[in-house]
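K.L.:
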Amino acid sequence: MDTKPRFFDEMYDASGAPRDPYRLYSDWFGQEDIKHLRQKSQDAEAFFRRIGITFNVYGQQEADERLIPFDIVPRIISAREWARLEQGIEQRVRAINAFLYDIYHRQEILRAGRLPKEIIARNEAFLSKMIGVNPPGGVYTHIVGTDLVRTGEDEFYVLEDNARTPSGVSYMLENRETMLQMFPELFTKLKVRPVSHYPQNLRRSLADCAPPAFNGDKPEIAVLTPGIYNSAYFEHAFLADQMGAELVESHDLRIVDGRVCMRTTQGYKAIDVLYRRVDDDYLDPLNFKPESMLGVPGIMDVYRAGGITIANAPGTGIADDKALYSYMPDIVEFYTGEKAILQNVPTWRCSEPDSLKYVLDHLSELVVKEVHGSGGYGMLVGPAASKRELARFEKKLRARPSNYIAQPTLALSTVPIMVKKGLAPRHVDLRPFVLVSPDKIRITPGGLTRVALKEGSLVVNSSQGGGTKDTWVLGD
6 MDTKPRFFDE MYDASGAPRD PYRLYSDWFG QEDIKHLRQK SQDAEAFFRR IGITFNVYGQ
66 QEADERLIPF DIVPRIISAR EWARLEQGIE QRVRAINAFL YDIYHRQEIL RAGRLPKEII
126 ARNEAFLSKM IGVNPPGGVY THIVGTDLVR TGEDEFYVLE DNARTPSGVS YMLENRETML
186 QMFPELFTKL KVRPVSHYPQ NLRRSLADCA PPAFNGDKPE IAVLTPGIYN SAYFEHAFLA
246 DQMGAELVES HDLRIVDGRV CMRTTQGYKA IDVLYRRVDD DYLDPLNFKP ESMLGVPGIM
306 DVYRAGGITI ANAPGTGIAD DKALYSYMPD IVEFYTGEKA ILQNVPTWRC SEPDSLKYVL
366 DHLSELVVKE VHGSGGYGML VGPAASKREL ARFEKKLRAR PSNYIAQPTL ALSTVPIMVK
426 KGLAPRHVDL RPFVLVSPDK IRITPGGLTR VALKEGSLVV NSSQGGGTKD TWVLGD
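Counting from 1 along the sequence shown, just add 5 to a position and that's the residue number in the working numbering.
1. Please name the residue in Gln-47, Arg-89, Arg-85 whose C-alpha comes closest to that of Asp-76.
2. Decide if the stretch 410-418 is in contact with the stretch 436-450; the criterion is three or more beta carbon pairs, one per stretch, under 8 Å apart.
3. Could you check where the alpha helix (DSSP H) with Pro-430 kicks off and where it finishes?
4. Return the bridge partner residues of Leu-371 from the DSSP annotation.
5. Does the Cβ of Ala-51 have 16 or more other Cβ atoms within 10 Å, making it buried, or fewer, making it exposed?
6. Assuming contact is defined by CB atoms lying nearer than 7 Å, are Phe-13 and Ser-418 in contact in what I supplied?
7. Can you give the Cα-Cα distance for Ile-81 and Met-177, rounded to whole angstroms?
8. Between the Cα of Leu-347 and those of Leu-153, Asn-128, Glu-37, spot the shortest distance and give me the residue it belongs to.
9. If you draw a straight line from the C-alpha of Asp-213 to the C-alpha of Val-144, how long is it?
10. Rank Gly-461, Glu-296, Tyr-280, Pro-430 by C-alpha distance to the C-alpha of Asp-286 and give the top, closest one.
11. How would you label Pro-388, buried or exposed, when you count the other beta carbons within 10 angstroms and need 16 or more for buried?
12. Just tell me which of Gly-303, Ala-457, Ser-20 has its CA closest to the CA of Pro-290.
13. Assign Ala-316 to one of three DSSP states: helix, strand, or coil.
14. Do Gly-383 and Arg-169 have their C-beta atoms closer together than 7 Å?
15. Would you call the CB atoms of Val-265 and Ala-245 closer than 7 Å?
16. Quick one, which of Gly-173, Ala-88, Val-138 has its alpha-carbon nearest Val-465's?
17. Alpha carbon to alpha carbon, how far is Tyr-238 from Gly-232?
18. Helix, strand or coil for Ala-345 per DSSP?
19. Please name the residue, chosen from Gly-137, Ser-175, His-367, that lies closest to Thr-473 on a Cα-to-Cα basis.
20. For Tyr-162, write down the residues that DSSP places opposite it in a beta bridge.
21. Taking Glu-182 as the reference, which of Thr-270, Met-267, Ala-49 has the closest Cα?
22. Please name the residue or residues paired with Phe-75 in a DSSP beta bridge.
23. Count the CB pairs spanning the stretch 83-93 and the stretch 317-333 that are closer than 8 Å, and state whether there are at least three.
24. Using a Cβ-Cβ cutoff of less than 7 Å, which residues in the same chain neighbour Thr-230 once the five nearest sequence positions on both sides are dropped?
25. Are at least three pairs of beta-carbons, each pair with one atom in the stretch 420-438 and one in the stretch 389-408, less than 8 Å apart?
26. Given this structure, state the Cα-to-Cα distance separating Asp-25 from Leu-479, to the nearest angstrom.
27. For the alpha helix (DSSP H) that contains Val-98, what are its first and last residues?
28. Within this structure, are the beta carbons of Pro-365 and Val-278 separated by less than 7 Å?
29. Quick test of your reading: Ile-276 and Ile-313, contact by CB under 8 Å. State the CB separation rounded to the nearest angstrom.
30. At the level of alpha carbons, what is the spacing between Gly-157 and Ala-404?
31. If you reduce the DSSP assignment to three classes, tell me which class Val-376 lands in.
32. Under 8 Å Cβ to Cβ from Ala-416, same chain only, skipping five residues before and after it: list those, please.
33. Just to confirm, is the Cβ distance from Tyr-162 to Val-350 under 7 Å?
34. Tell me the DSSP bridge mates of Asn-167?
35. For Val-420 versus Glu-165, is the C-beta distance shorter than 7 Å?
36. Helix or strand or just coil, what does DSSP make of Lys-392?
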């Protein structure tokens, strides 16, 4: 197997021996026929294609709908490693919710001088209409997807906090279902912790955040989707089905007697909790973008009056804004009184003249991201960029420095994938999914591992050619 010593290989140590979490899997793999495993890989692809696990790519002229490549070699995390990650993720999520409450109320963190006022005042992700609003149960981020990368044995970094409408959980669930069908014996042998309870826990967490207007036994939950042309539509439909909730679009909804109601065969029925997969700007044309056809006119007024729970709450985007990211260690310490368990990646804010100068001088060595960007769009990976790409990006930076942050190019860990000759290392990241209710934080063991399938690539996003793996967290 071709390994590169400067990257941490999660499966094999420097001598080529399997690390502890992979030992039983490595023994099993060594006894399997490669041709048989390659056939299994093809079977997995056929399964995904048959049930329609696809995503849409924006800005493409052809092949808009794509299949996300799936690799059958699992990523395996030991119980000890997961326990530390779980602790760090929970600490961070608690701090984010405390920060959101504070920033939309007394803004103590600004008064204390721990955060510059302009980073909030000039930030388009900050929603002034949320000032003074108390979300049901005090929960802002009901669903969080924390992106993690690994660089060493015990070195994990938070790459970003997805606190708006994190996606990918359907792929985590379908990846596991596929692996269970193909290799059932491995799950018993390795004592892999299950993830299948996620939809039930999601419904339970959302129900626990029912609004003051709810007075029944079972809250009515619905999933709001922008429609079939959205890149994550499969996931919206999948989660609604798995939760036993209604999947609705804007034209299915209207305001009736101060409640948001959905159209049914028996008339309009009030919704208690709306799991929205529509961005803030498009949520309510009366309060935000008037041209929006994706939202519900007046839903923000109903929300402020306690007539509905919106998950995630409007305005949560300020917490995962990349300009704010570099302050997260201070935010964690301010609200928890503890040092952050999980590290941040060192970050240069290009809005600051000294930082901008450094970034411009070292552009070929850095990763530069748009402050409000996502999905791998609008970013520059300096070491992989051509001279022309670097020159083009330099012009963008000089024109709008406040629109960018820069980070060092991390030596992301690798996990093997199946190739024609056997196994080959590829870079990975991890997105664990977190569910937050008023009295409990549930973290699904594992999450979505994204893998850069192209040799040498550090970009794992599916929109940029990346694939996914099943993530196994081992029991004690």
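Virtual Cβ for every residue (Gly too), placed ideally from N, Cα, C.
P.N.:
So, to answer that:
1. Gln-47
2. no
3. That residue, Pro-430, is in no alpha helix (DSSP H); its beta strand (DSSP E) goes 427-436.
4. Pro-413
5. exposed
6. yes
7. 14 Å
8. Leu-153
9. 10 Å
10. Glu-296
11. exposed
12. Gly-303
13. strand
14. no
15. no
16. Gly-173
17. 7 Å
18. coil
19. Ser-175
20. Val-154, Gln-348
21. Ala-49
22. Thr-473
23. no
24. Tyr-238, His-241, Leu-252, Glu-254, Arg-282
25. no
26. 11 Å
27. 84-108
28. A quick correction: the sequence has Leu, not Pro, at residue 365. No.
29. 6 Å
30. 37 Å
31. coil
32. Arg-11, Phe-12, Phe-13, Thr-156
33. yes
34. Gly-150
35. no
36. helix
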